[in-house]
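In full-length UniProt numbering, the protein residues as written are 1 to 99.
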């Protein structure tokens, strides 16, 4: 993870998308420490129970959690029209349909 973190340079005002964050352990443990002041992380997962758990146990000042179906991932464009500076996912991109 240290090698991964050395490649991820999160600047002020950047927005990070963490796809399929599950219960929020990885975003909280590995990405949040790399975040600059005034940056933001949006964690998404398709399971409401996962997001609810993450909201309670992996909350952070600049961390948001969103429930979204992987086949409707393009809805994020409407929710966050300015986009994302970084997209992170651990073993999950195979579930995303191309659009």
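For each residue, glycine too, the CB sits at the ideal point set by N, CA and C. Being a predicted model, the structure only gives us computed values, none of them experimental.
Could you give the residue range of the beta strand (DSSP E) that holds residue i?
| i | result |
| --- | --- |
| residue 40 | 40 to 45 |
| residue 15 | 15 to 19 |
| residue 100 | The requested residue 100 is not part of the displayed model; the chain covers only 1 to 99. |
| residue 71 | Unbroken run through residue 71: none, as it is neither H nor E. |
| residue 88 | 86 to 88 |
| residue 66 | 63 to 67 |
Check this for me: beta carbons of residue i and residue j, under 8 angstroms apart or not?
| i | j | result |
| --- | --- | --- |
| residue 71 | residue 51 | no |
| residue 62 | residue 35 | yes |
| residue 17 | residue 68 | no |
| residue 89 | residue 14 | no |
| residue 29 | residue 60 | no |
| residue 44 | residue 8 | no |
| residue 80 | residue 42 | yes |
Tell me whether residue i is buried or exposed, calling it buried when 16 or more other Cβ atoms sit within 10 Å of its Cβ.
| i | result |
| --- | --- |
| residue 54 | buried |
| residue 40 | buried |
| residue 31 | buried |
| residue 26 | buried |
| residue 74 | exposed |
Would you kindly report the start and end of the unbroken alpha helix (DSSP H) that includes residue i?
| i | result |
| --- | --- |
| residue 78 | 76 to 79 |
Between residue i and residue j, how many whole angstroms is the CB-CB distance? I'm expecting something under 8 angstroms.
| i | j | result |
| --- | --- | --- |
| residue 12 | residue 33 | Not confirmed; about 16 angstroms, so no contact. |
Using three-state DSSP, classify residue i as helix, strand or coil.
| i | result |
| --- | --- |
| residue 10 | coil |
Under 8 angstroms, Cβ to Cβ, is there at least one residue of chain D near residue i?
| i | result |
| --- | --- |
| residue 77 | Absent here is chain D; the protein component of the structure consists of one chain. |
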